Amino acid sequence: MAASSHLVPFSMFTSQSSPSSSSTCFSTPRAVAAFQFRGPQPSLNNRRRQCFSCLAVVSGSTIVPDDSTKERVATKREVPDTEEPDASESLDGHKMIRVCDKLIDVFMVDKPTPTDWRRLLAFSKEWDNIRPHFYKRCQDRADTESDSGMKHKLLRLRRKLKEIDDDVVRHNELLHVIRNAPSEMSEIVSRRRKDFTKEFFVHLHTVAESYYDDPAEQDAIAKIGNMCLAAVQTYDTATESIEALNAAELKFQDIINSPSLAVACRKIDSLAEKNQLDSALVLMITKAWSAAKDSNMMKDEVKDILYHLYMTSRGNLQRLMPKEIRILKYVLTINDPEERLEALRDAFTPGEELEGKDVDCLYTTPVELHTWIKTVVDAYHFSREGTLLKEARDLMNPRMIQKLEEIKKIVEDKFM
27 MAASSHLVPF
37 SMFTSQSSPS
47 SSSTCFSTPR
57 AVAAFQFRGP
67 QPSLNNRRRQ
77 CFSCLAVVSG
87 STIVPDDSTK
97 ERVATKREVP
107 DTEEPDASES
117 LDGHKMIRVC
127 DKLIDVFMVD
137 KPTPTDWRRL
147 LAFSKEWDNI
157 RPHFYKRCQD
167 RADTESDSGM
177 KHKLLRLRRK
187 LKEIDDDVVR
197 HNELLHVIRN
207 APSEMSEIVS
217 RRRKDFTKEF
227 FVHLHTVAES
237 YYDDPAEQDA
247 IAKIGNMCLA
257 AVQTYDTATE
267 SIEALNAAEL
277 KFQDIINSPS
287 LAVACRKIDS
297 LAEKNQLDSA
307 LVLMITKAWS
317 AAKDSNMMKD
327 EVKDILYHLY
337 MTSRGNLQRL
347 MPKEIRILKY
357 VLTINDPEER
367 LEALRDAFTP
377 GEELEGKDVD
387 CLYTTPVELH
397 TWIKTVVDAY
407 HFSREGTLLK
417 EARDLMNPRM
427 IQKLEEIKKI
437 VEDKFM
């Protein structure tokens with residue numbers, strides 16, 4: 027999860043080298059979605075992309091990328107291409123006006139959505155040259171337009187496209203910085219984390235798509251995306267850890283500054299009830315108690331206070347643990363087979379659940395307990411520790427797994 031001020035990428039996309047591949051949609055979350063890229067070290071060559079061009083527009087064909095295929099889709103009119111050789115070298119004022127008028131039609135009719143516009147600009151290799159003329163042409167046509175509806179559409183197109191164009195320019199600038207200094211990725215992320223938005227990664231995906239006929243360059247862009255994602259995730263994790271420690275320290279200071287031990291314990295209980303008694307705070311209290319009990323410089327009264335705070339926080343943290351994990355941990359402490367079987371019978375006997383200071387009375391169903399055992403055992407065998415709740419990860423050692431498999435068999439044979 028990212029600092030609250032961070033915009034975190036929410037989806038996965040993969041570089042694709044085939045024109046028939048389908049484009050990937052974005053889905054939510056912090057989670058984080060992971061992006062998957064592949065490919066060799068990025069090349070700095072500015073290879074030609076498939077895109078709409080001045081030449082195509084002047085000759086009567088408007089080349090635009092399609093959402094589903096990442097390739098050229100031509101909207102052709104039957105006009106002879108007699109001007110191709112000269113038009114590719116230079117465009118005079120009249121030709122540029124024709125280009126801009128054609129593009130206005132494309133943006134307003136053929137490809138009218140902001141998503142289309144982003145793709146068109148990302149695919150284009152000539153937009154940098156067209157840009158100033160295009161916005162001027164939109165304004166000129168709006169100034170001379172007698173139809174108020176069309177005037178509004180032209181001004182809106184100019185304004186909205188400029189906003190998207192500015193975004194694309196910013197994304198391209200960031201991509202340029204990364205490609206020039208890939209070894210400084212961590213520093214770039216720390217300086218410009220706010221620029222690594224969902225829109226940036228969508229743009230990166232689109233740029234990769236634009237090289238559909240150049241797999242090497244497409245994979246190079248894809249690898250940049252992988253590097254970006256890894257650096258962003260590392261930065262966010264570190265930031266979250268720092269913020270968690272800062273928040274835990276504030277809570278700890280508030281508890282320590284309580285007027286009495288009873289008030290301090292009530293504060294811990296209150297945090298637990300609100301699900302705000304996190305592991306960072308408990309670790310802080312544990313370290314304080316550990317340092318105090320071995321110190322000759324602290325009064326016994328202080329040690330007693332820290333001990334009570336430690337026990338209160340520990341008890342509350344345990345109560346936040348799923349009850350099936352708590353039952354499992356208790357059953358695992360029993361070595362005698364008969365006592366273990368009896369403990370399981372008690373756990374599966376419905377009754378009033380009580381959570382006391384020293385003893386908890388909990389019950390569950392054989393199916394629920396079996397599900398948790400299977401989850402832990404499967405995670406161990408398939409090396410998926412990261413999929414478990416952190417409270418269950420201390421069960422992930424060979425000796426415990428062997429015992430869990432024994433309990434699993436007992437549950438299957440005796441209770442299911």
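The opening position of the sequence shown corresponds to residue 27 in the numbering used here, with each subsequent residue numbered one higher.
Just so it is clear, CB atoms sit at the ideal spot from N, CA and C, and this is done for glycine as well.
Here the structure is a predicted model, which is why all the values come from computation and not from measurement.
Legend entry - Where the alpha helix (DSSP H) through GLN302 begins and ends: No alpha helix (DSSP H) contains GLN302, which DSSP labels as neither H nor E.
Inset, instruction - Can you tell me which of LEU370, PHE160, THR139 puts its alpha carbon nearest to the alpha carbon of LEU129? - result: PHE160
Legend entry - Proximity of LEU180 and CYS164 at Cβ, strictly below 9 Å: yes
Inset, instruction - Assign ALA288 to one of two classes, buried (16 or more other C-beta atoms within 10 Å of its C-beta) or exposed (fewer than that). - result: exposed
Inset, instruction - Classify SER212 as helix, strand or coil using the three-state DSSP reduction. - result: helix
Legend entry - Whole-angstrom distance between ILE311 and GLU243, CA atom to CA atom: 53 Å
Inset, instruction - Have a look at GLU365 and ASP439 and give me their C-alpha separation to the nearest angstrom. - result: 17 Å
Legend entry - Limits of the alpha helix (DSSP H) - the one that GLU171 falls within: GLU171 -> no alpha helix (DSSP H), and no H or E assigned at all.
Legend entry - Status (buried if at least 16 other CB within 10 Å, exposed otherwise) for ARG217: exposed
Inset, instruction - State buried or exposed for GLY175, treating a residue as buried only when at least 16 other CB atoms are found within 10 Å of its CB. - result: exposed
Inset, instruction - In the DSSP assignment, find the alpha helix (DSSP H) that holds ARG219 and state where it starts and stops. - result: Per DSSP, ARG219 belongs to no alpha helix (DSSP H) and is neither H nor E.
Inset, instruction - Would you be able to state if there are at least three C-beta pairs under 8 Å between the stretch 269-276 and the stretch 254-261? - result: no
Inset, instruction - For the stretch 205-216 and the stretch 259-269, state whether three or more C-beta atom pairs, one from each stretch, are separated by less than 8 Å. - result: yes
Inset, instruction - Rank THR170, ILE399, MET122, PRO140 by C-alpha distance to the C-alpha of PRO158 and give the top, closest one. - result: MET122
Legend entry - Exposed unless 16 or more other CB atoms sit within 10 angstroms - verdict on GLU368: exposed
Inset, instruction - For ALA298, count neighbouring Cβ atoms within 10 angstroms of its own Cβ and tell me buried if that reaches 16, exposed if not. - result: buried
Inset, instruction - Would you kindly work out how many angstroms separate the C-alpha atoms of LYS429 and TYR336, rounded to a whole number? - result: 30 Å
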